[in-house]
Amino acid sequence: MDTHSHTVLITGGATGIGLALARRFAEAGNTVLICGRRPDALAAAQALEPRLHTFVADIAVSGRARGVGGVGVAGAS
1 MDTHSHTVLI TGGATGIGLA LARRFAEAGN TVLICGRRPD ALAAAQALEP
51 RLHTFVADIA VSGRARGVGG VGVAGAS
């Protein structure tokens, strides 16, 4: 299975298993976007893996999940 040169979105990617997956996908040559509710956790994740693109989003709140699909790499930090 080809696992590089893709764009990957991981919700809850700032900590734990999500962050571990994000780092692995980035190491494999993918463009990785992570979202989470806490800007401080996202900044810490990006400090560990500068190739990650981050944005704040709470997909558990109705209506906010729709905005996640509109974020492009250029719109993430």
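Residue 19 in full-length UniProt numbering sits at position 19 of the sequence shown, with consecutive numbering throughout.
We put the beta carbon where it would ideally sit given N, CA and C, even for glycine.
Check                                                                                                                                                          : Outcome
Here's a check: name, in chain order, each residue in its chain whose Cβ is nearer than 8 Å to the Cβ of HIS4, leaving out the five neighbours to either side. : ALA28, GLY29 and ASN30
Please name the residue, chosen from LEU48, VAL61 and VAL56, that lies closest to GLY16 on a Cα-to-Cα basis.                                                   : LEU48
Tell me which same chain residues have a C-beta within less than 8 Å of the C-beta of ALA41, skipping the five on either side of it?                           : ALA14 and THR15
Taking DSSP's pairing of strands, which residues face GLY36 in a bridge?                                                                                       : VAL56
Would the beta-carbon of LEU21 fall within 7 Å of that of ILE34?                                                                                               : no
If contacts are defined as beta-carbon pairs under 8 Å, then THR54 and ALA60 qualify, I think. What distance do you get, rounded to the angstrom?              : Actually they do not touch by this definition, with Cβ atoms about 18 Å apart.
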